[in-house]
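Residue numbers (the numbering used here), protein chains in the order written: chain X, 1 to 269; chain Z, 1 to 269. First comes the structure, then the notes that go with it.
Given below as structure tokens:
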């Protein structure tokens, strides 16, 4: 199996791809859009793209690409985000720290407490932070990197799990030409674009779920075509699109909105 | 007036701060959290933090910090995101392109069409992309940068508005110790944390808005404390917290959820 995912080597996307397809060959791309293109043009059997992080929030580009490319969500993966301080000296001697801005944000309280005097240099990816420190070998330097990068670059961990919030997880979508069959423990993701906007419309639409006791697990409004105030709703709920009560809800929704089923897939939480 | 915002000089946050406080002195910080800390510790009168981009989605850290620091939304600013290709040669001769990963994503179709053979080097911020090209002066190099950075670094624009989606806008919150008085054209942002979770609960809560004809302008669920499946709802709606029908809706909501009013402020769209 070939899986396209965001590179370079040593990123959390890489780790998610390894978790999903243990013996798969990985194709690294520069952007989320490239992940979708690889799947769309049959260069990969599936793609892995981040959809939400519990600290940083939803990754809008993944939602946009799902709609634009017409691909489906085949599965979800949940990855605990573990950041690690690596280097060649010890924690007290660190004068320069390499870190991706998002990694820095997620470890900010740790850094301010334990490395208050270290100069921080931002890098363009977690993989890059790993590469820089692996070449430097300077005892006064350190990087913050994912667990997978520790092994790939053969680095020494000075302190593991340095993220501030221990419930830091990222959810990934596995993208393919088709979604998955019913397993009995499924989730479905849809996009709703109301044909008209008026107060109470969202309330009425959610009523179609409530009256059928369908549990919503995520809801988000995003500006459609980037125009603030004109929204697409992205909704995740429990169940498979092939189930009767879910089919009925979707039929009702189609009376007041354009409905796109992004995929039904086995739940991981 | 002193405004804290995300640095370095030449970022979109810098542009938003200039738009809000024309003659203000700007304090640049490394992270969104630092913006909140500066306001909290009275080092700045207010802070500017991005809350959502029409392409990239919601900035979760700003929501989290709002709740954590107990500060208020005093105003919102809407900034059209205009990316510009700058350099010293001409478009056909560009062999190396410096770009922040987010800027790259937002101009990806342009780059693939007009600079298909250019090597792309990721930078840690849009301000950095500007700084690098201003020092390089190499005719074969170019950067993608915000309009404000063009002026600051005195650069030559090879092509303006190179973003793929012309409706690319970012919404910023102005953060302060207090929110704003009623103007008659207001928006209110709240966080709702349900005391119990059950199917239909969100539907019932939205009913409190629908029955009072309060128009919701944004809704988003985010994992609370980073635990996927346990959600806080962030809702924006039209009106000021001091209005009677809004006060009534908030009182009703408090029967089934912990309600935090993040602020009432004048609407900009």
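Virtual Cβ for every residue (Gly too), placed ideally from N, Cα, C.
Item	Value
The region 255–266 of chain X contacting the region 176–187 of chain X, beta-carbon criterion three pairs below 8 Å	yes
Whether residue 3 of chain X touches residue 44 of chain X by CB criterion (8 Å)	yes
Residue range of the alpha helix (DSSP H) that includes residue 12 of chain Z	12–20
Stretch pair the region 88–100 of chain Z + the region 150–160 of chain Z: three plus CB contacts closer than 8 Å	yes
Three-way DSSP call (helix, strand, coil) for residue 254 of chain X in this model	coil
Chain X within 8 Å of residue 251 of chain Z, Cβ atoms only	no
Selection from Z:179, Z:68, Z:38 and Z:54 that minimises the alpha carbon distance to residue 242 of chain Z	Z:179
Contact list for residue 222 of chain X against chain Z, beta-carbon separation under 7 Å	57
Chain Z contact residues for residue 108 of chain X, given Cβ-Cβ distances below 7 Å	31 and 33
Residue 245 of chain X beta carbon less than 8 Å from that of residue 212 of chain X	yes
Among Z:224, Z:206 and Z:239, the one whose alpha carbon lies nearest that of residue 252 of chain Z	Z:206
Alpha-carbon spacing of residue 18 of chain Z relative to residue 46 of chain Z, whole angstroms	13 Å
Inter-stretch contact (C-beta, 8 Å, three-pair minimum) for the region 89–108 of chain X and the region 135–146 of chain X	yes
Validate contact between the region 59–79 of chain X and the region 118–133 of chain X using beta carbons, cut 8 Å, 3 pairs	no
Test item: CB-CB of residue 275 of chain Z and residue 176 of chain Z under 8 Å	Outside the displayed span of chain Z (1 to 269) sits residue 275 of chain Z, for which this structure offers no information.
Rounded straight-line distance, which links the Cα of residue 214 of chain Z to that of residue 237 of chain Z	7 Å
Through-space distance from residue 34 of chain Z to residue 83 of chain X, alpha-carbon basis	20 Å
Beta strand (DSSP E) runs contained entirely in the region 76–133 of chain Z, provided each spans 3 or more residues	83–87, 96–99 and 119–122
DSSP three-state assignment for residue 262 of chain X, whether helix, strand or coil	strand
N- and C-terminal bounds of the alpha helix (DSSP H) containing residue 33 of chain Z	32–40
Cutoff 8 Å: residue 11 of chain X Cβ touching any chain Z Cβ	no
CB contact flag (residue 217 of chain X, residue 53 of chain X, <8 Å)	no
Presumed contact (8 Å Cβ cut-off) between residue 231 of chain Z and residue 31 of chain X, rounded CB distance	The Cβ separation is near 29 Å, so there is no contact.
Distance, residue 108 of chain Z Cα to residue 13 of chain X Cα	20 Å
Interface partners of residue 23 of chain Z on chain X, CB under 9 Å	Under the 9 Å cutoff, chain X gives no residues; its nearest Cβ is about 27 Å from residue 23 of chain Z.
8 Å CB neighbourhood of residue 182 of chain Z in its chain, flanking five on each side removed	240, 242, 243 and 264
Against chain Z: residues of the region 236–265 of chain X by CB proximity under 8 Å	none
Extent of the continuous beta strand (DSSP E) to which residue 191 of chain X belongs	186–194
Collapsed DSSP secondary structure at residue 59 of chain Z in the structure displayed	coil
CB contact check: residue 215 of chain Z to chain X, cutoff 8 Å	yes
Sheet register partners of residue 6 of chain Z (DSSP bridge)	Z:29
Straight-line gap, residue 165 of chain X to residue 127 of chain X (C-alpha atoms, nearest Å)	21 Å
Candidates X:161, X:201 and X:249: closest to residue 209 of chain X by CA position	X:249
8 Å Cβ cutoff, residue 206 of chain Z in contact with chain A	Of the chains in the structure shown, none is chain A; the protein chains are X and Z.
Backbone CA spacing between residue 110 of chain Z and residue 162 of chain Z [nearest angstrom]	6 Å
DSSP state of residue 155 of chain X mapped onto helix, strand, coil	coil
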